[in-house]
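Step one of this worksheet: look at the structure below.
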Amino acid sequence: MNRTALILAAGEGTRMESSLPKVLHMLKGRPLLSWVLDAIDETGFDRTIVVIGHEGKRVQEAVANRGVEFVWQREQKGTGHAVLQAAPLLARRGGSVAILSGDVPLVQAETLNSLLAEHEAAGASATVMTAEFDDPSGYGRIIRSTDGMIDRIVEQKDASETERRVKEINSGTYCFAVNPLYDVLPTLGMDNAGGEYYLTDVIARFRERRLAVYPFVVEDVWEIFGINTKKHLSLVEERIAGEETNG
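Using my numbering, the letters of the sequence shown map in sequence onto residues 627 to 873.
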């Protein structure tokens, strides 16, 4: 079974109010992207691919010694478009691809290993890492079917009032079977409030084809905490400092 980790690291991160690519902001002396790569290195992946765009050369230089491959997203057209850029390296090769964000530094190797194991044991076409928040504002909502599988993921800006009351959220970390993923990605459209190609739209397309999509619920929400602002970075630093003090 081929296993690939695909890290999305092309975004500009304008909310960080810095010209530095978001994934290169420092956390405890290391770039955010390095934290994600450390977790991947301890997981059973055969290869790691990083999708770069904004200031991509700087990202390449920062992790040049990590043995990763790079693909470029020259235009920022959404997460679905970003994953599609890896098609020359992945399409028709089979196996599993885990998709992660380069700005989620506290994800753990043990969790990634469990995600992969459950995905492959179930024979799933997709497995979505989810969590439950009392206040899910800002996150895409997980809409399940009566059998417990995921029917679709609705971004908040596209959600109805009923859907916004759902507390199970999409973490932005997934595991996909490679072949159906790259069959569906070219069919995505931009008919949404963001005007982008959403990776999350793949889920509904899978279900239309009667493919299995499972949730993988994480208990520690810090593992899915993404860094979008300097305040977020400070919160994660405080979290790590507290763990070091108590550990």
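All C-beta atoms in this analysis are idealised placements derived from N, C-alpha and C, irrespective of residue type, glycine included.
By the criterion of a C-beta distance shorter than 6 Å, F802 is surrounded in its chain by V723 and A752, once the five residues flanking it on both sides are discounted. Take N739, set aside five residues on each side of it, and the residues of its chain with a beta-carbon closer than 6 Å to its own are T669, in chain order. Scanning its chain for C-beta atoms nearer than 7 Å, with the 5 sequence neighbours on each side dropped, one finds around N805 the residues R718 and G720, in chain order.
A direct Cα-Cα distance of roughly 36 Å separates R831 from R684. Distances from the CA of A636 to each of Y808, D672, T630 and L726 were compared; the closest alpha carbon is that of L726.
Annotation for F832: the continuous alpha helix (DSSP H) segment containing it runs D827 to E834. Between I850 and V862, the alpha-carbon positions lie close to 11 Å from each other. If the five residues before and after E794 are omitted, its C-beta is found closer than 6 Å to the C-beta atoms of T756, E758 and I768, all from its own chain and listed in chain order. Per DSSP, the beta-bridge partners of W698 are I678. Around the beta carbon of Q711, 16 or more other beta carbons lie within 10 angstroms, which makes this residue buried. Taking C-beta separations shorter than 6 Å and ignoring five residues to either side along the sequence, the partners of T674 in its chain run A631, I666 and V694, following chain order.
Bounds of the beta strand (DSSP E) holding A635 are R629 to A635.
T640 and D729 have their C-alpha atoms some 13 Å from each other.
Under the three-state reduction of DSSP, S751 is assigned to coil, being neither helix nor strand. Secondary structure at Y800: strand, using DSSP grouped into helix, strand and coil. In the same chain as K654, and ignoring 5 residues on each side of it, the C-beta atoms closer than 8 Å to its own belong to E863 and I866, in chain order. Assignment of I853 by DSSP, reduced to helix, strand and coil, places it in the coil class.
Pairwise C-beta distances place the stretch 834-842 in contact with the stretch 773-787, as three or more of them are shorter than 8 Å.
DSSP places R790 in the uninterrupted alpha helix (DSSP H) bounded by E787 to R790. For the pair of segments examined, the stretch 696-712 was found to touch the stretch 806-817: the number of CB pairs separated by less than 8 Å reaches three. For V709, no beta strand (DSSP E) run applies; the uninterrupted alpha helix (DSSP H) run containing it begins and ends at T705 to L710, by DSSP. If the five residues before and after Q699 are omitted, its C-beta is found closer than 6 Å to the C-beta atoms of A636, V677, G679, A708 and Q711, all from its own chain and listed in chain order. Going by beta carbons, V828 and L859 fall outside the 9 Å limit. Comparing alpha carbon positions, the residue from W661, Q734 and E681 closest to L646 is E681. For D672 and R629, the gap between their C-alpha atoms comes out near 5 Å.
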